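*Asks:*
In full-length UniProt numbering, the protein residues as written are 1 to 384.
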């Protein structure tokens, strides 16, 4: 009689754990620790925010682990279905969506409500990476025009909800793919110069263009108020400018080392609006100071640099484009969130990765990191 010994648990799990990118995982865990510390301080007395944030983080890490097991070729196969379903859900949201605070961003599916725009943060770069992979070596102008059309369709649907924050993230992710695919600099540089000139003109003409009776073309009235408030928040210190002013006070009062864990007065006296979501960096800066902010930025920098290294070493055009877009999307999250809290960008709904509260956003981050780890993992396994 033959006796077959069952291998120990660690040997059975080894194939699942092999090939993971350790530097990237260290950066993620570093950011998770800071995120939990900050959420406990800012949200421990705000219902179930802290346990929910910890649960969402565990769920995101679990999804990251599962997606990392999927080969990039299979991820490429879901690009068209995911994009199609995402756009259809956006159309359904426009027609039958749930309106809250003047925005129609949610779709009821019976047992719960979903925000379809979050799906497009991944679906759009996946679709565009698939598009350019299929045309590798044969790229022509019509291919770039079609790529912009694929990008603008979901962006316009999201902007119409309106949800400018998510729209910016979707637009940025798609533009990163198009840039890495080989968009000529002769088209990029004029757009950058035009944007810089427009921003300069906006600042210089603030007194005239921000008059109450003046209507801006294209933008809605509340979007005009956001930009004008950014230019001079002191004009409405108890209204539109309150967020920016209180965020700046909190960050500035933190000084070099901060007021200490759970010692932030602006935070715990509830002067900071949305202190567990969009403005959590203000609470972080108040309690951990400049040194804590640098430690947090070091984690984001390590994650972004490692992601770009994974992208440069990826084996196919699809994986290079996808890894590059996912990595720079993290940069967009961090830059926009910290910029709006610090008063250098308009206030839009963009969370700070791993730190801000939000279940859907956390799940999206986990899926994005899973894609990045999948690309890094398949390259390592091929080498071994």
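The beta-carbon is built from N, C-alpha and C at its ideal position, and this holds for glycine as well. These figures come from a predicted structure and were not determined experimentally.
(1) Can the beta-carbon of residue 349 be found closer than 7 Å to that of residue 182?
(2) Which residues in the same chain have their Cβ closer than 6 Å to the Cβ of residue 271, if we skip the five residues on either side of it in sequence?
(3) Beta carbon of residue 377, beta carbon of residue 123: below 7 Å?
(4) Could you give the distance in angstroms between the alpha-carbon of residue 264 and the alpha-carbon of residue 102?
(5) Taking residue 41 as part of the beta strand (DSSP E), name the residues at either end of that continuous run.
(6) Counting pairs of Cβ atoms below 8 Å between the segment 149–162 and the segment 170–177, do you hit three or more?
(7) Could you tell me whether the segment 55–75 touches the segment 18–38, using the rule of 3 or more Cβ pairs below 8 Å?
(8) Please give me, in chain order, every unbroken run of the beta strand (DSSP E) with length at least 3 that falls completely inside the segment 148–181.
(9) Could you say if the segment 249–261 and the segment 281–295 meet the contact criterion of at least three C-beta pairs nearer than 8 Å?
(10) For residue 142, count neighbouring Cβ atoms within 10 angstroms of its own Cβ and tell me buried if that reaches 16, exposed if not.
(11) Going by beta carbon distance, what residues of the same chain come within less than 6 Å of residue 35, once the five residues before and after it are set aside?
(12) Could you please give the first and the last residue of the uninterrupted beta strand (DSSP E) stretch that includes residue 107?
(13) Compute the Euclidean distance between the alpha carbons of residue 306 and residue 371, then round it to the nearest angstrom.
(14) Let's see if you can read the secondary structure: which residues bound the beta strand (DSSP E) around residue 240?
(15) Measure how close the beta-carbons of residue 233 and residue 244 come, nearest whole angstrom, since I'm counting them as under 8 Å.
(16) Would DSSP call residue 251 helix, strand or coil?
(17) List, from N- to C-terminal side, the beta strand (DSSP E) runs of 3 residues or more that fit wholly inside the segment 42–111.
(18) Look at the Cβ atom of residue 310, then the Cβ atom of residue 323, and state whether they are nearer than 7 Å.
(19) Using a Cβ distance threshold of 8 Å, determine whether the segment 83–90 contacts the segment 319–335, with at least three qualifying pairs required.
(20) Does DSSP put residue 113 in a helix, a strand or coil?
(21) So, with DSSP's three-state summary, where would you put residue 3?
(22) For a quick check, are the C-beta atoms of residue 364 and residue 118 less than 7 Å apart?
(23) Which value, in whole angstroms, describes the spacing of the CA atoms of residue 3 and residue 374?
(24) Based on Cα-Cα distance, which residue from 77, 89, 42 lies nearest to residue 268?
(25) For residue 76, which residues of its own chain have a beta-carbon under 6 Å away from its beta-carbon, when the five flanking residues on both sides are left out?
(26) Roughly how many whole angstroms lie between the Cα atoms of residue 362 and residue 58?
(27) So what does DSSP say about residue 133, is it helix, strand or coil?
(28) Taking just the CA atoms, how far does residue 184 sit from residue 220?
(29) Which residues bound the alpha helix (DSSP H) around residue 234?
(30) How long is the line joining the alpha carbons of residue 385 and residue 226, rounded to whole angstroms?
(31) With 16 other CB atoms within 10 Å as the buried threshold, where does residue 357 fall?
(32) What beta strand (DSSP E) runs, 3 residues minimum, are completely inside the segment 251–337?
(33) Quick one, which of 127, 170, 367, 163 has its alpha-carbon nearest residue 146's?
(34) Please say whether residue 231 and residue 206 have beta carbons closer to each other than 7 Å?
(35) Quick check on DSSP: helix, strand or coil for residue 374?
*Replies:* If we stick to the structure as given:
(1) Working through the chain shown from its first residue, we reach residue 349 at position 349. Working through the chain shown from its first residue, we reach residue 182 at position 182. It is not a contact, given that the beta carbons lie outside the stated cut-off.
(2) Taking the first residue of the chain shown as 1, we reach residue 271 at position 271. So the list reads 246, once near-sequence residues are dropped.
(3) Position 377 of the chain shown holds residue 377. Position 123 of the chain shown holds residue 123. No, the Cβ-Cβ distance between residue 377 and residue 123 is not below 7 Å.
(4) For the purposes of this step, residue 264 is identified with residue 264 of the chain shown, where counting begins at 1. For the purposes of this step, residue 102 is identified with residue 102 of the chain shown, where counting begins at 1. Taken atom to atom, the span from the alpha-carbon of residue 264 to that of residue 102 is near 33 Å.
(5) Within the chain shown, numbered from 1, the residue matching residue 41 stands at position 41. From DSSP, residue 41 is part of no beta strand (DSSP E) but of the alpha helix (DSSP H) over 22–43.
(6) Verdict: yes, contact present.
(7) A contact exists between the segment 55–75 and the segment 18–38.
(8) Fully enclosed beta strand (DSSP E) runs of 3 or longer: not present.
(9) Output reads yes: the segment 281–295 touches the segment 249–261.
(10) The residue given as residue 142 occupies position 142 in the chain shown. Exposed is the call here.
(11) As a position in the chain shown, residue 35 is number 35, starting the count at 1. Once the five neighbours on either side are set aside, the close Cβ partners of residue 35 are 354, 355.
(12) Here residue 107 refers to the residue found at position 107 of the chain shown. Run containing residue 107: 103–108, per the beta strand (DSSP E) assignment.
(13) Position 306 of the chain shown, counting from 1, holds the residue named residue 306. Position 371 of the chain shown, counting from 1, holds the residue named residue 371. Whole-angstrom Cα-Cα distance: 14 Å.
(14) Your numbering for residue 240 matches position 240 in the chain shown. Counting along the chain, residue 240 falls outside any beta strand (DSSP E), and DSSP gives it neither H nor E.
(15) Residue numbering aside, residue 233 sits at position 233 when the chain shown is read from its first letter. Residue numbering aside, residue 244 sits at position 244 when the chain shown is read from its first letter. About 4 Å; that satisfies the 8 Å criterion.
(16) Counted from its first residue, the chain shown places residue 251 at position 251. DSSP places residue 251 within a helical segment (H, G or I) once states are collapsed to three.
(17) The qualifying runs are 98–100, 103–108.
(18) Reading the chain shown from its first residue, position 310 is the one you call residue 310. Reading the chain shown from its first residue, position 323 is the one you call residue 323. Yes, these two residues count as a Cβ contact at 7 Å.
(19) Three or more Cβ pairs closer than 8 Å define a contact, and the segment 83–90 falls short of that threshold against the segment 319–335.
(20) Residue mapping note: residue 113 aligns to position 113 of the chain shown, counting from 1. Of the three classes helix, strand and coil, the one that applies to residue 113 here is strand, per DSSP.
(21) As a first step, residue 3 is located in the chain shown; it is residue number 3 there, counting from the start. Per-residue confidence for residue 3 stands at a pLDDT of 48, beneath the threshold of 50, marking its modelled position as unreliable; no derived number is given.
(22) Counted from its first residue, the chain shown places residue 364 at position 364. Counted from its first residue, the chain shown places residue 118 at position 118. It is a contact, given that the beta carbons lie within the stated cut-off.
(23) Position 3 of the chain shown, counted from the start, is the residue given in the question as residue 3. Position 374 of the chain shown, counted from the start, is the residue given in the question as residue 374. Its pLDDT being 48, under 50, residue 3 is placed unreliably in this model, and the coordinates cannot settle the point.
(24) Counted from its first residue, the chain shown places residue 268 at position 268. Ranking the options by Cα distance to residue 268, first place goes to 42.
(25) Position 76 of the chain shown holds residue 76. The residues 130, 318, in chain order, have a CB closer than 6 Å to that of residue 76 in the same chain once the five nearest residues on each side in sequence are set aside.
(26) The residue you call residue 362 lines up with position 362 of the chain shown. The residue you call residue 58 lines up with position 58 of the chain shown. Spanning the two alpha carbons is a distance of roughly 10 Å.
(27) Within the chain shown, numbered from 1, the residue matching residue 133 stands at position 133. Here residue 133 sits in helix by DSSP.
(28) Working through the chain shown from its first residue, we reach residue 220 at position 220. Working through the chain shown from its first residue, we reach residue 184 at position 184. Answer to the nearest angstrom: the Cα atoms are 33 Å apart.
(29) Here residue 234 is taken as the residue at index 234 of the chain shown, counted from 1. Unbroken run through residue 234: none, as it is neither H nor E.
(30) Residue 385 lies beyond the residue range present for the chain, which begins at 1 and ends at 384; the question has no answer from this structure.
(31) Against the chain shown, residue 357 aligns to sequence position 357. So residue 357 ends up on the buried side.
(32) Those beta strand (DSSP E) runs which fall completely within the segment 251–337 and span 3+ residues do not exist here.
(33) For the purposes of this step, residue 146 is taken as the residue at position 146 of the chain shown. When C-alpha distances from residue 146 are compared across 127, 170, 367, 163, the shortest belongs to 127.
(34) Stepping through the chain shown from its first residue, residue 206 is reached at position 206. Stepping through the chain shown from its first residue, residue 231 is reached at position 231. For residue 206 and residue 231, yes; Cβs fall inside 7 Å.
(35) The residue given as residue 374 occupies position 374 in the chain shown. If DSSP states are grouped into helix, strand and coil, residue 374 belongs with the helices.
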